[in-house]
Amino acid sequence: MRRLLVLLILFMLLAPALPVKAESAYYALSFDGEDDYVSLNNILTSKPFSVVMLVKLNAIQKGNVFETRDNFYGYGGKGFVIGDGGADGKYDVAIGNGTDYAVATNVLDLSDLQTHLVVVTATSTTMSIYKDAALVGSVDVSTVSDDFGGDVDIEIMHGLAGYTPGKVYLVLIYNRALSDDEIQAIYNDPLHPPTDGLVLWYAPDSVDTANGLWTDKSGNGNDGTIYGASYVPLRPVSEGQFDDDYVQRFNGASGYLTVADSPGLDNLTQATWGILVKKGTTNDIMAELSKQGSYRFIHGRGDDTVWFQIGTTDYAWATTLAGPKLTSNWTLLVVTYDGSTLKFYENTQLYSQRTMTGTILDTTNPLYIGADSANYRVFNGSIALVFIYTRALSDDEIKQIYENPNNPPLDGLVLWYSPYTYDPSTGKWLNRAPIFPTIPLVEELDGTNYGATAERVSIPKLYVYDANSSALIPYSNVSLTMLFNNTTTSLIPSLPILPYNTTVTLNVSAVNYESRTISTWTGVDLISVYLERIPTENETSVTIAKPTEPISTMPIDENFNDFGLWGAKAGAKFMAGRWSEAFTDFWNLNPMFSLILPLLFSFGLILTSYLISHNTLVPIGVTAVMVTFFGLIGVPLYMSLLSPLAGLFIFFIVWILWDFYKRFEKS
């Protein structure tokens, strides 16, 4: 019995160290603007109150996003409404009691078709309207009695003015007026709102698809019935990033990826499209990215020029803007449209532009990556990055993507594929664009692979420093080329895409600096390069200070094999005092070895302590000391727990078996 109790305790100790995946289902509701809505009993009948919605229009038309009125105010109606009576995407917010009413006209502009946090608060005297935590208007409601509710239901995305096409991710109703700080807190973390006075809480994880209900998480039972709205699957952002890096390679004959048609991919008044791309050998008509009838990047026959073609309500389909010539070098191509001008960028530089107006044409065609349609005009080359925004990015934002492609602007982002988001187990390029900048959920706008080659690559982090000051040189000033298999390729310094686990030669240069050539193994995580500044016209020499960076961030000039480099990196970081990083490298870069060695060490130490003491409590104490020690030097929690506890578990298994053996031998 004592031994079974010991095993039970060990299992309880090990449980926190074992990874457990929580299964949750997340959905948004999508409304077609024709007959879809959500209905619930009217709980909004008196002041004070607050209404919070996270909403995105799919198109602009006359209709309501929130309605409790029993009639129009001019006919004695009473209730509360957020409605667009002018079909311009600019919403009135109003309240009435059957005799008096107050209206904030055109106060809420949702015409950009982006996701917005809408908040309306009302006290006895004032109704205030917020968009994305910013106050956009207010109106005196002192003449409207506190009791204004009627007997009709609350309707979401429908009302007296009509139905509204769009998506709703969150609805909150409070029986009090939220403060500015609380509104900001909701904006910062919409999935965890204040609960004081909360009488209704519809969230992405409370959509009951089986019963057609949006269930109330507030505990008040105010469930809403879903009429016709479709369910949009969402997933945590964290599930869309992987340790291995891939680019999509196309052979010019067959193979492509597709993304299902979805609101936010067309029918836009503004947009940005971007791809990180390099050309192969074919020189024919081929498309890098295409949503036929709306927009596409396309190559002309016999010419390496990339064209962007688009259609709007004012300009016919396939209106063209010429871009740069595509080569075998990695190039970031970006096109922006702000409703008046179409601009084409090469990397961060404006290449061409033209006048363009109107709304981008709405089609039901899927989005194709690497082809114009299924196995038609298939691209010959590679694509590493694809992104689409529902707004025009600024020059500074394009530069931000170029210099930090893992941290793009999030406002208006609807689709983002990178080398880190390809799932080889499913053949899908997973979307990483969050539904809202402060919500870590994404729509499953994933690209499905139909015959394209997912090519494994290595992407280390490159840092380029001034050798004198150790100041970091901006990527926009850095040039990076790679020599591999007798071919020279220009790379994007912030995203250096290298062949997987091999040796290459890199040339690193920067404006006003001497270039430097290094040879490196591509399996490294980090490459740091120090460049010497070229003397100016009035200087005869430049003093070069010895870099003060620890060895773990120094330039890599030696060719290590994979195992040797792994050991050198982890050891260098440990000697530099970067213990947490060292143990993480030790754990991740050679998983089998790094699993066995700490386990053997822990087991050996525990066994030795028992052989010396002959007391089973001593190994438990030694285990606690090891866990504490690993924690103090910065070892991640799961690593500091797993090896010592697993070693202790194995020890007790051996101890119990040995005890049974000795008892059996005596009998």
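According to our numbering, the sequence shown is numbered sequentially starting from 666. Glycine residues also receive a C-beta, built at the ideal position from the N, C-alpha and C atoms.
Cα atoms of Lys727 and Ser1059: separation of roughly 31 angstroms, rounded to the nearest angstrom. Counting only the Cα atoms, Ala1098 lies some 21 angstroms from Val836. According to DSSP, residue pairing for Glu1108 in a beta bridge involves Leu899. The continuous stretches of alpha helix (DSSP H) do not include Asp969, and DSSP gives it neither H nor E. Residue pairing for Arg1019: DSSP places it in a beta bridge opposite Leu1007. DSSP places Glu820 inside the beta strand (DSSP E), whose first and last residues are 819–821. The Cβ neighbour count for Leu800, taken over all protein chains shown within 10 Å, is under 16; the residue is labelled exposed. Secondary structure at Phe1294: helix, using DSSP grouped into helix, strand and coil. Secondary structure note for Glu1068: its alpha helix (DSSP H) is the uninterrupted segment 1060–1068. Taking the CA atoms as reference points, Gly1116 sits about 24 angstroms from Asn994. A contact between stretches requires three or more CB pairs, one per stretch, nearer than 8 angstroms, and the stretch 1137–1146 fails this requirement with the stretch 1103–1110. Rounded to whole angstroms, the separation of the alpha carbons of Leu1095 and Asp1088 is 7 angstroms. Less than 8 angstroms divides the Cβ of Glu953 from the Cβ of Gly1035. Around the CB of Ser1267, 16 or more other CB atoms lie within 10 Å, so the residue is classed as buried.
Exclusion of the five residues before and after Pro989 leaves Glu1011, Tyr1016 as the residues of its chain whose Cβ lies within less than 6 angstroms of its Cβ. In the structure shown, Lys712 adopts coil according to DSSP, grouped into three states. Pairing Phe714 with Asn707, the inter-Cα distance amounts to about 13 angstroms.
Taking C-beta atoms as the reference points, Leu922 and Thr1113 count as a pair closer than 8 angstroms. Annotation for Tyr960: no alpha helix (DSSP H) segment contains it, though the beta strand (DSSP E) segment containing it runs 960–964.
With a minimum length of 3 residues, the unbroken runs of beta strand (DSSP E) contained wholly in the stretch 1112–1161 fall at 1112–1115, 1118–1123, 1126–1131, 1143–1149, 1152–1156. Under DSSP, the beta-bridge partners assigned to Ile838 are Val716, Leu865. 8 angstroms or more divides the Cβ of Thr1029 from the Cβ of Ser959.
DSSP places Asn771 in the uninterrupted beta strand (DSSP E) bounded by 766–774. In this structure, the beta-carbon distance from Thr1281 to Trp1320 falls below 8 angstroms.
When the five nearest sequence neighbours on each side are left out, the beta carbons in the same chain lying within less than 6 angstroms of the beta carbon of Trp982 are those of Gly958, Gly976, in order along the chain. Within the stretch 725–762, the complete beta strand (DSSP E) segments of 3 residues or longer fall at 728–732, 743–749, 755–762, listed in chain order.
By the criterion of a C-beta distance shorter than 7 angstroms, Ala918 is surrounded in its chain by Val1043, once the five residues flanking it on both sides are discounted. Per DSSP, the continuous alpha helix (DSSP H) segment holding Asn853 begins and ends at 845–853. Per the Cβ contact rule, the stretch 801–817 is not in contact with the stretch 867–879 (fewer than 3 Cβ pairs under 8 angstroms).
Across the structure, Ala767 and Ile1157 are spaced so that their CA atoms are roughly 56 angstroms apart. Within a 10 Å sphere around the beta-carbon of Gly886 sit fewer than 16 other beta-carbons, which makes this residue exposed. Under DSSP, Tyr828 takes part in a beta bridge, and its partners are His823. Note that the stretch 724–738 does not touch the stretch 838–852; fewer than 3 beta-carbon pairs, one per stretch, sit closer than 8 angstroms. Distance from the CA of Asp765 to the CA of Asp757, rounded to the nearest whole angstrom, comes to 16 angstroms. Between the alpha carbons of Thr786 and Ser810 lies a gap of roughly 15 angstroms.
Boundaries for Asn1012: no beta strand (DSSP E) harbours it, and the DSSP string shows neither H nor E there.
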